[in-house]
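Below: the structure, in structure tokens.
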Amino acid sequence: MGDFNHPDICWRDNAAERKQSRKFLECVNDNFVLQVIEEPTRRGAMLDLVLTNKEGLVGDVRLKGSLGCSDHEMVEFRILRAARRARSKLTTLDFSRADFGLFRDLLGRIPWDKALEGRGAQDSWLIFKGQLLQAQERCIPTKRKSSKTTKRPLWMNKELLGKVKQKKPTEGGSKGR
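At position 169 of the sequence shown the residue is numbered 171 (the numbering used here), and the sequence of numbers has no breaks.
This is how it looks when you write it as structure tokens:
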């Protein structure tokens, strides 16, 4: 918790105008930290922040007016001891269960010459993207990301994780193969 002095950060859109603020925002995102203040704390800007690494750990956040001659709002919040693990709302495409044959077939049925004829680059892109997303929705199921998978590197998929677990050194045997 503290006064971070980055008035140009828009926490709702996850964007900032100044380079220093963008670096701070990138650091917050890279460390999977959440910012829980939702209202301006000083002259229309959100300068005073409460950061947490666990969703549901901080609650009942309220601004209580200024104290003395300070022009910052006081921030009151509770740390919830029995923070329940929130189910992840983050979904991702499950390519291991995708029907790529149907995907190829759906995109192959589209008469692209006619669909894109006489259109500019932007219109053509929007048509292509729309068709691609429709095919994706039909052929590639989604799954919720669990908190376990978000803590391992993106390149560490299930198959690779299984191989790493298999490669345990045998007791009394040689270490390398």
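Where a beta carbon is used, it is the ideal one built from N, C-alpha and C, also for glycine.
**Study point:** Delimiting residues of the beta strand (DSSP E) encompassing R146
**Key:** As a working note, residue 146 is residue 144 in the sequence shown. Element bounds for R146: T144 to R146.
Review point. With 16 as the cutoff for other CB atoms within 10 Å, does D15 come out buried or exposed?
Key: Here residue 15 corresponds to residue number 13 of the sequence shown, with the count starting at 1. Exposed, since its Cβ has fewer than 16 Cβ neighbours within 10 Å.
Exercise for review: Please work out which residues of its chain come closer than 6 Å, Cβ to Cβ, to L108, disregarding the five sequence neighbours upstream and downstream, and give them in chain order.
Suggested key: The residue you call residue 108 lines up with position 106 of the sequence shown. Excluding five sequence positions before and after L108, the CB atoms of its chain that fall closer than 6 Å to its own CB belong to A137, given in chain order.
Review point. Roughly how far, in whole angstroms, is the beta-carbon of V30 from the beta-carbon of Q37, given that I think they are within contact range, below 8 Å?
Key: Within the sequence shown, residue 30 is the residue found at index 28, counting from 1. Within the sequence shown, residue 37 is the residue found at index 35, counting from 1. Right, the Cβ-Cβ distance comes to about 7 Å (below 8 Å), so this counts as a contact.
Check your understanding: When you compare each of E40, P42 and S126 to D115 by their alpha carbons, which one comes out closest?
Key -> To locate residue 115, count along the sequence shown from 1; it is residue 113. Of E40, P42 and S126, the residue nearest in Cα terms is S126.
**Study point:** Same chain, Cβ closer than 8 Å to D73, neighbours up to 5 away in sequence not counted
**Key:** Along the sequence shown, one-based indexing puts residue 73 at 71. Same-chain partners within the cutoff: R44 and R45.
Exercise for review: State the Cα-Cα distance for the pair F97 and K160, rounded to the nearest angstrom.
Suggested key: The residue labelled residue 97 in the question sits at position 95 within the sequence shown. The residue labelled residue 160 in the question sits at position 158 within the sequence shown. So the two alpha carbons sit approximately 12 Å from each other.
Exercise for review: Evaluate V35 with the Cβ neighbour count: other Cβ atoms within 10 Å of its Cβ, from every protein chain shown; 16 or more gives buried, anything less gives exposed.
Suggested key: If you number the sequence shown from 1, residue 35 lands on position 33. Exposed is the call here.
**Study point:** Helix, strand or coil at K141 [DSSP, three-state]
**Key:** Numbered from its first residue, the sequence shown carries residue 141 at position 139. With the sequence shown as reference, residue 141 is identified as Cys, and Lys is not the correct amino acid for it. Three-state result, C141: helix.
Review point. Per DSSP, what kind of secondary structure is A117 in: helix, strand or coil?
Key: Position 115 of the sequence shown, counting from 1, holds the residue named residue 117. Looking at A117 - three-state DSSP - the assignment turns out to be helix.
Check your understanding: DSSP state of R182, grouped into three classes?
Key -> The requested residue 182 is not part of the displayed model; the chain covers only 3 to 179.
Review point. Under 7 Å, do K66 and E78 count as touching if we go by C-beta distance?
Key: Along the sequence shown, read from residue 1 onward, the residue named residue 66 stands at position 64. Along the sequence shown, read from residue 1 onward, the residue named residue 78 stands at position 76. A contact, by the Cβ cut-off of 7 Å.
Check your understanding: Counting along the chain, where does the beta strand (DSSP E) carrying E75 start and finish?
Key -> The residue you call residue 75 lines up with position 73 of the sequence shown. Counting along the chain, E75 falls outside any beta strand (DSSP E), and DSSP gives it neither H nor E.
Point to revise | Coil, strand or helix - D101 by DSSP | key: Locating residue 101 in the sequence shown gives position 99, where the first residue counts as 1. Coil.
Review point. Leaving out the 5 sequence neighbours to the left and right, which residues in its chain are closer than 8 Å to T54 when beta-carbon positions are compared?
Key: Here residue 54 corresponds to residue number 52 of the sequence shown, with the count starting at 1. The residues are V35, L36, V38 and V60.
Practice item. Give every residue of the same chain whose Cβ lies closer than 6 Å to the Cβ of I142, excluding the five residues on either side of it in the sequence, and list them in chain order. Key: What you label residue 142 is simply residue 140 of the sequence shown in a count that begins at 1. Spatial neighbours of I142 in its own chain (CB-CB distance under 6 Å, excluding positions within 5 residues in sequence) are listed in chain order as L95 and A100.
Practice item. Figure out for me which residue from M3, N33, L118 and P42 has the closest Cα to the Cα of C12. Key: Stepping through the sequence shown from its first residue, residue 12 is reached at position 10. It is P42 whose Cα lies nearest to the Cα of C12.
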